[in-house]
Each structure stands twice: as structure tokens, then as C-alpha cells.
Amino acid sequence: MTDQKASRRSLLKAGAGAGLAALVLGGGGFALHSCRGGSGQGAVKGGARDPYDVWRQVQAALRTSPDHAFARAGVLVAAGDVGALHRFVRDEIRLVSSSATRLRLGDEVGWGARAALRAGAGTAREKAEILADLIRQTGREARVVEGGDIGHEADRGVFFRDYSPVFEPQVKTSQVDQWREALGQPDVKINLAAGERQAQTLQRDLRALIPQNEQNRIASTNYSDRIEGAAPIVLFVEPGQGAFLADPIRPDGGLEPAGSRTPRDARPARGILPVTVSLTATVLDETVAPFEIARAEWTAEEVAGRQVRIGFKPFGDTLSVLNARIGDLRAFTPFLSIQALDGEALDPERALVMGQSFTLEGDRIRQAQTGVVEFNDRPLDASPPSGRAADVAVIEAEADASRYPDMRLLIRPKAADGRIVEGLVASDFRLTDEGKAVAHLLHDRERAPHILFLADASASMPKAFIGEGAWRLGDAMKALINRVETMARAVHPKAMVTVQSTDSRMWRNLLAHVGSSANLIVYATDGDLEGAPPAAAEIEALGAGPRAIVMDVNARLARRREQEGEHNIFDAMARATGGVALNVSTEDTDEVEGVIRRFLNEETQHLPYVLTYRGPVAASGVRKAGVATEKAHGEASYEVGAASAPARKISALHLTVRVGDRQIQRRLAGQDERGVMAPDRQNELHGAVLGDHLIAFEGPPPSLSTVLDDLIAARLSTELLDKTARDRSRSLDDIIAVLDKGVMTLPKEQAALLMRSAPLSGRGFAFAEQGMRVVLHSRYPIVNTDQFASRIDILPLSRAHVIAPDREVQLSRSLNASLMLAMGEAALFPINTGAALSGKRLALLSSDLPRQQRPALSADEQVEWTAFMRRLRDMFPSGHVALTADDASTRACWVIDNATGELFAVLPDGSGGGQMTTGMQRQLAELDKVISMLNLLVTATSAAGGLGVLGGASLAIVAAYGQTLARLYAAASMSVLMTDSGGMDPIVRQALAGLACNVVKTFFLSGLSVGGRVAANAVNIFSAAEGVDGALGIQSPTFCAV
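As numbered in this note's numbering, residues 71 to 1112 make up the sequence shown, in order.
As C-alpha cells, then:
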């Protein structure tokens, strides 16, 4: 057997150990027990009381394995044997070079001592810090001090050593069989040899297709045998014997008396990797820039060996969420939280970050530092009644359905003398749609004018008026804007003057602001039009929008009228909006300023109150919107289906993960294209915010026993909830107290891609990881279907370099380790790169490949290929080699990072890993399956352990199953709480649900934040949030008809 073939199996010995791994990985997720006397998934057979005792025994067995570094360290600390601790760190914690291309010791760290101990691998400084910390845990004094240089690798064998403890728990095969039988699990055999053979075959086939000159560029470095930097050592004091030095780096390093030497303290450690996780929303409207909705900044030390949970808390309490129409769950607050399966207490201020609330229509809700809640950067009116509503004698109302179902009501409430009553607030108005009350939002109680400047940023524009883009905003344009702002503020102190750069699609840019807060648009353009002319319905929509002053920045309007008549673009746009077309030049802006001044003086006092709400999605025909105050009432008709302006919707949610100086962006859901939203993409995006997303971080990959231990820890976190729910003597308050502690989750598919896939050091080679292994797992419903999606994605952030004197060993080791991960992806998910390329001839991907298939590829497909290759360049900034189908029939490809030699499986959308979509209809028929969903819901709604439940962060996932399942779920979950499978009185059930809602509201209040931190005045935010339910899509908190 060759060294390469034995590589993976050396980590996992056959027999009891392999059976134990299969037992844990095959166990699936825990479900709370059915209360009808039957047992759910994972229930114990053979008379055992429950599965948790069995899992604790399995966990204890795992911790006896030599490759479980944390457990090994704990046993040695308890024994108090410094010599054993020294040998453990020296011989079992793999030494990682702090340089990607050189053998380096020194003071650099990458992930911190805790993460390095978990991984069983760290830099020289991290190894020293681990040893010093373990010695201190025995009660002795210890610190890291400076050591000397080592010299050359060939002389000492510091890096090129076998640091791979085996997975060999101290347990008999017969015991594993008993546990498996007790848990009711089948006897699963693990065949590592087959996976290794596949990886070896694929590596051989891929390399045969890569020209030698391309291979020479992969992980190309000049090997040096010299070891850079000094080796840190540990100085400790043995009571009664004096000071000693412990060398954790040199293979022959021992313990020796310090004598008269007093080494200098080591310099402060440096180089810990920064980690940033952010979420960005993109809207269909191209005039609106993508906006960040959440950002967390941590270090590798905080997240390594842990998971970051991404959730979206729907507005409304649990009762309204469970019983709302799926279309009404449209407003969410994102959160990012660290989950620590190791049980270590986390600082809530660091571990939990709340983001900016948003709606699926692209609205943003946040609390400013002043405490004022803002809606799309404007103050939100959540005031009590003004006391002035009684002065309203008549209400003039106009309905704007141009962006239906997003409705606007333009309200002019007038007193008996005909003047608009000033100072009214949102609570002064009551809105109805076809007689049914709807919640609404008042956008601007001050009725202040908003003048929007649109400035074309095309290269053909004169520089004096050009919009900001390739050039900075033109000086003449800037001066005009400043003068108009002064003019507007003199008329109304809260007037808004904003500027937005545009392209040359002038009609589209005007249409984008129909239904916006702007009252007047000033458009600076040279008339160089791009894009299609507007349809008749769009012209009609422009008439309902703000008027536009269309400025010819070349002052050639007269010539245009002579040549083109009234159909010239300037007059056409002005006519469509009820505005005016004017010349403008650097020497003369007086005419434009005069028109704006007249608008401000004559029309500001007549500006309406603007109320918004969300109309029924399924409605049709002509409808009536009504508005009332204490004594007055007004109505306006509108027609469903007459919408002619582009809808304002979020088109994509993007996740960006940055480790060190490298970042990767992934689309969580939606589409990259803007303008029109495909229905299936809209359904996917809606489902994604109702689902669960987990990012797992590791420094160097940990051992098998460590990852299996994490899986069991996640399962055991449900024990208290399960037992409390089944205990008839426990009250609902007891259950709520358990929920407050939270539970954790770790999908086994994700865990399988975190562990070591091959030896990472040995004779003639050593891996030098400079980043982190980052694996994203998502699971969510696809709304309006019976489908449930799950996917796994290995983000290329590990930067796992291989240092070796032999070039062939370097490349082969790197490819083999990453190929084993690709084999794991293929085994876990049916949609994967291997399956997409199976049976196809492969070829190097270059810009020529799709061009050669031009007769078979449409123009859109050519554009998609270009965008795909651009994404690959962004993902691998040092260059890459990609292999895909030679007929360009799929964009799936194998990609080798030129910097490291790592291989990644890339899917057609540019993501990695695998995907799977499954039907859910069969779950509708079985109550046990519904009860099993409670586990997913509970785990998905929890923040990191010990931080409390975020009250339904993903609880809305149940709504995707339709109203039938929602009712079934409600009955099932309440049966769990009451240990009563025979059903319950509806009044009792509703009372319990109402109590649960109040509890969840408490959780929600504790979770809202300002600037990413827990807010002291969250109650104010919640009150404001409840006041905007109409704009956010929540019609009412009552039960919907089935």
C-alpha cells in the first residue's frame, strides 16, 4: 500500500472507530419525541428511557480517541504532568508555518490558542501559547519567552513530521452495536477506499488535460530549506525546584532548568486574522444602490471552531407569523450570531449583531443615533394622535396604484376655510381598502418638498454638469444644487434636495421615481438617449409621478425643436410628467432656478400627506381606498392590474465573508439581473428569509473525533427542552425558561466538510494554512411550491498552501486533500459539479471556449459565460485553471487556485459545493413528521447558546407548507407542550399561543439594536415597527381562513 493511498485511512482505523463514526453521522438531526407514545426519529429502543444517555456515552467514547486534542489536553491537565503536556504539544500539535511559501516560526499567529488546540495545529507562537496555558491550568506559573533560531529543516525535521493522531476511540465493537441497536439505526459501513480511488482517478484525469506550462504556474514557489524566525519557548516554575524551559517546537526539545538564564519575554503576538461577515440587499430598481443590512466584524479567534448563524426575524409575534398568509410576511430584521458548541460563554455584545430592518419591497427601517426611527432614511411617524384631526372638514384623496400592490394615497385634509390642516400624524388617519381596515404608514408628516436632481454620468456629457461616475460631479451642477438647497430651505426648513447619477436610459430613470418621495425632478442630460421608448401605460404612469424639469445641458433646445419638432426627447419627457424643458449653461441657470422658485412658493403649501399601505395581492378589478379622520371621510378608486411602473422589490440577498485580505461573495437567494424579477427567483428569495443559514469556520481542519463531538453537542442541546415538554408535572413557564436558554444546530452535511480529509504533514511536505476553512449551509422553503431547498458551499478562503522540496509532492498533496472534499460534496448532494460534468469531455476554460460554441449558444448565454468567468477571476485573484465541458453545455467546472494548488468544485452559478431540492407533500400527511419539524424550527429560531431565543427568527418557515400545515403544526406543537395528543380546546390553544407570543415579543425587544448593538430603548423601536405593519405587509394578527 502506497503512502498516498493510505493517507486518509490512517486517520480512521477500521473496526469500532469506523462504526462509531457511522453511528454519529448516520444519526440525523434530533427531533422532539412524539407525545402519542410513539417515538420520533432517534428514539431509543430496547427499554431505554431516552436517547440522550446513549449519546452522552458515545460522546465520552469519542473523547478517548487520540485525535481529540481538547479532550487529550484536559486529561493531561488533570494529571498535572508537565512532561506529558510538553510531549503532547510538541508531538501532537502540528506545526504550521506562518508564511505561505517559507518555513517560518516567529511571533505570528493565525487563529489563536483556543482554535489551534481544537484543530491540533498552529503556528510556533500558538503552540507555545497552548503549552503555557495548559501549564498554568495545573497551577504553575508559565509564560512564553524568546528562543533561538533553528537553522534548516533538513537538520531538525521541525515541519516535515507526522502530526496525525489516529481516530481510535477506546470502545469495543460490541458496545457500538449495542448503541446502534438502542438508537434504532442501521449498520452503516464506511468505505474510504472507494472515495480515495475516485479522488486519485479524478486527479490523474484532470492533470492530464492541463498543459505542463499551466501546471508550472500552479503553487509555484522556490523552496528554501532555511527556517526563518526564532522558536518561542515556555518558561515555567516548578514549585520547590525553580524555573524550567520547555521547547514545544524542536522534535528533540525537552525540559531543562533555566539556570542563571532569564530569557526575554516574547514580543506581543501579531497577525490574528480579521473576519467580517456582511449581508447586502439589491433591489430591482437600478437607480437604487445595493445597501448593507447587517455587518459583523470579528477575529478568527472568536469564530474558529464555531458557527455564525444568519437569520431574519419577521415582524410580528409568533401567533401572527404562524397564521399569516405567506405573502404577508414581508418585513424582517437580520441578525448574525456566533454559536459555540464548545460550551464556552460568549460576550453577547460581541457574539450577537442585529442588522437594519428591511422589507421585501426594498424599504429600510432603522433607528438613528438620536433615537428617531427612520423609514428609507426619513423619520417615521409613530406619534400619538395630534389633537388636530377634529379640524378636518373634508378629505381630498387620490390613489396611486402605479406600483401595485404597493399603494400610495395622496391626502389633502382641509379645514372649513379650504386650507390643509397642518401637523397631522399617522394615528390621526384610518385607512380601509374595500371597507377592510389596513395598517398604513405616513411617510412625511411635515409635508416638506423633496427636489431630486438626476445627473447623467455618461462620457458624452459636458464636464460642468456631468453626474458622478467616471468623473466627479460637475462644478456647475454642484453649484446649482447648492443654490436650490438654500432656496428650498428658506421656504421649508425640512426641505430635501438630493442628487442621483444616472446612465442614458432616460425614460427608465424617470419611471424609477414614479411613486417615490420626490415632488419635483430636475434632470440634467445631453439628450443622448438609450433604451426602448415608453409604452402608453408607462406614459400614463409618468403623469401620476413627480413633474420634471428637463435641462438641455448643451443649450441646443431650439435647434432640436426645429429638427425634431415636439417629439424631441426633452419636450417629450417634460410633457409626459407635466413639467417643462429648458436650456441650461454654465453662464445661465436663471431660468431653471426661476421655475424651481415658483414651484416652492406656489405649490409647497398644497403638497399632500402621503400614506402608504400594501394592497391585497390576489385582488382584481376596480377597488376603493378610504381614509377617515374624526369627522371627515374621503375615497379614491384605483384599478388592480394598471401598475405600469417597475415594482420595488429586493431582487437578491448577498453574503460577503472576508478572512484576512481575501473576500468571497455569495448570492444567498434571488437573481443578479435587475429590472424584472423572475417568479421562481422571487419565490426562492422569499423562502430564503424564512429559512436557516449557518456559516461554519475552522482554522486548520480539526480531527474526526472533534467534529463528531460537535454533532453530539448540538443534539444534546435539545435534551432539556424535550424532557421538559414531555414532563406532565412541568408548567408552561418551565418550558419557556428552557426556550430562553436556546438550542444549537450543526447539520451533519456541513460537519462532514469541516474535518481533515488527508494528512497535513509528513515526510517531505507540510501544509501551511493562511486562511480559514469556511463552509456555508442553507436550508429554506421555496414559497408557493411544495419544495424545500438545501445547499452546501465551501468558500475558497482556506488558502491552504503546501510547502515541499519536491514539486510533484507539493501539487499532488494539495489536489488530493481538496479532491477528497469534492468527493464528500458529491456524496451528500445530487446537484454537484461531478454529476454535471459526468460523461462529458473536459477542456480548459478560456474566453475562446464559449465563443467557439456561438452557433449553439444564444447571446444571453454568451453574456452569462462572460459574467461567470469574471466571477472566477474575482474569486481567485492570483489566477486559476478551470476545466469544464468542451461543448460549453454547462458552466460547472473544476477550478484549481494558482496560488495554492487547491481544487474547488464550482457550480454554474459560481457557488461551490452541492444543492438539493426535495418535495414536502408527504410531510403534510403525518403528524409525527410535523412534530419533527419542531426541532428545525426551534434550532433555527435560537441565537447562539446562552444568548436567548430570538423569537421566531426562522419560525415562519412553517408558513411555506401552506395554511393546512400551519394549523397542523400549531396543534402538534401545542400537543408537545401539553403532552396531550388527543387535541385541545381551541380557546385553550389560543390562550397558550397568546402567552407564547408575549414571550416571543420579549425576546424580540431584547434583540433589536442600534448600530449592531443591543438597544436600550428597543421598546420604542418595536412600537414604531407595529405602527408600520401596513407598509410591511402584515394585514392583521388574526387567524387566516383555511
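The beta carbon of each residue, even a glycine, is placed where N, CA and C say it ideally should be.
N- and C-terminal bounds of the alpha helix (DSSP H) containing residue i
i, result
"residue 283", "282–286"
"residue 780", "774–786"
"residue 443", "Unbroken run through residue 443 is the beta strand (DSSP E), 443–445; no alpha helix (DSSP H)."
Reduced DSSP secondary structure (H/G/I, E/B, other) of residue i
i, result
"residue 564", "coil"
"residue 625", "coil"
"residue 964", "strand"
"residue 986", "strand"
"residue 1035", "The predicted position of residue 1035 is uncertain, since its pLDDT is 33 and thus under 50; a value taken from the coordinates is nonetheless stated next. Residue 1035 falls in the helix class under three-state DSSP."
"residue 671", "helix"
"residue 890", "helix"
"residue 798", "coil"
"residue 727", "strand"
"residue 836", "strand"
"residue 140", "helix"
"residue 818", "helix"
Integer Cβ distance of residue i from residue j, believed to fall under 8 Å
i, j, result
"residue 949", "residue 277", "Not confirmed; about 17 Å, so no contact."
"residue 598", "residue 707", "Between residue 707 and residue 598 the Cβ distance is about 40 Å, and since that is not below 8 Å, they are no contact."
"residue 173", "residue 873", "6 Å"
"residue 214", "residue 193", "Going by Cβ atoms, the distance from residue 214 to residue 193 rounds to 12 Å, so no, they are not a contact pair."
"residue 884", "residue 970", "6 Å"
"residue 682", "residue 476", "7 Å"
"residue 34", "residue 378", "As shown, the chain starts at 71 and ends at 1112. That puts residue 34 outside it, with no answer to give."
"residue 133", "residue 786", "In fact, because the Cβ distance is near 13 Å, the residues do not count as touching under 8 Å."
"residue 852", "residue 983", "Between residue 983 and residue 852 the Cβ distance is about 18 Å, and since that is not below 8 Å, they are no contact."
"residue 702", "residue 415", "Rounded, the Cβ-Cβ distance is 59 Å, inconsistent with contact."
Cα-Cα separation, residue i to residue j
i, j, result
"residue 651", "residue 528", "20 Å"
"residue 643", "residue 526", "15 Å"
"residue 283", "residue 917", "18 Å"
"residue 321", "residue 224", "12 Å"
"residue 390", "residue 484", "Residue placement at residue 390 cannot be trusted, given a pLDDT of 46 that sits under 50; what the coordinates show is reported in the next sentence. Approximately 37 Å, taken between the alpha carbons."
"residue 279", "residue 957", "15 Å"
"residue 162", "residue 764", "30 Å"
"residue 584", "residue 646", "12 Å"
"residue 1020", "residue 424", "Legend: pLDDT at residue 1020 = 27, less than 50; position of this residue unreliable, no value from coordinates given."
"residue 548", "residue 539", "14 Å"
"residue 1116", "residue 364", "Outside the shown range of the chain, which is 71 to 1112, sits residue 1116, and nothing can be said about it."
"residue 671", "residue 695", "31 Å"
"residue 654", "residue 625", "6 Å"
"residue 886", "residue 831", "13 Å"
"residue 210", "residue 447", "57 Å"
"residue 360", "residue 352", "4 Å"
"residue 272", "residue 232", "26 Å"
"residue 579", "residue 820", "44 Å"
Unbroken beta strand (DSSP E) run spanning residue i, endpoints
i, result
"residue 407", "401–409"
"residue 523", "520–526"
"residue 308", "303–308"
"residue 593", "590–595"
"residue 974", "973–976"
"residue 705", "703–709"
"residue 472", "464–473"
"residue 858", "857–865"
"residue 200", "That residue, residue 200, is in no beta strand (DSSP E); its alpha helix (DSSP H) goes 194–207."
"residue 368", "361–369"
"residue 424", "422–424"
"residue 736", "732–740"
Distance cut-off 6 Å: residue i Cβ against heavy atoms of the ligand SAM
i, result
"residue 381", "In the structure on display, the ligand SAM does not appear, and there are no ligands present to speak of."
With a threshold of 8 Å, are at least 3 pairs of Cβ atoms found where one atom belongs to the segment 431–444 and the other to the segment 780–800? no
Do the segment 130–142 and the segment 836–847 meet, that is, are 3 or more Cβ pairs less than 8 Å apart? no
I'd like to know if the segment 316–333 and the segment 745–754 are in contact, where contact means that at least 3 CB-CB pairs between them fall below 8 Å. no
Taking one C-beta from the segment 730–737 and one from the segment 151–158 each time, how about it: are there three or more such pairs within less than 8 Å? no
Closer than 8 Å is the cut-off here; do at least three beta carbon pairs connect the segment 490–502 with the segment 532–549? no
Would the segment 619–627 count as touching the segment 586–593 if we require 3 or more Cβ pairs under 8 Å? yes
Do three or more CB pairs link the segment 773–781 to the segment 814–827 at distances below 8 Å? yes
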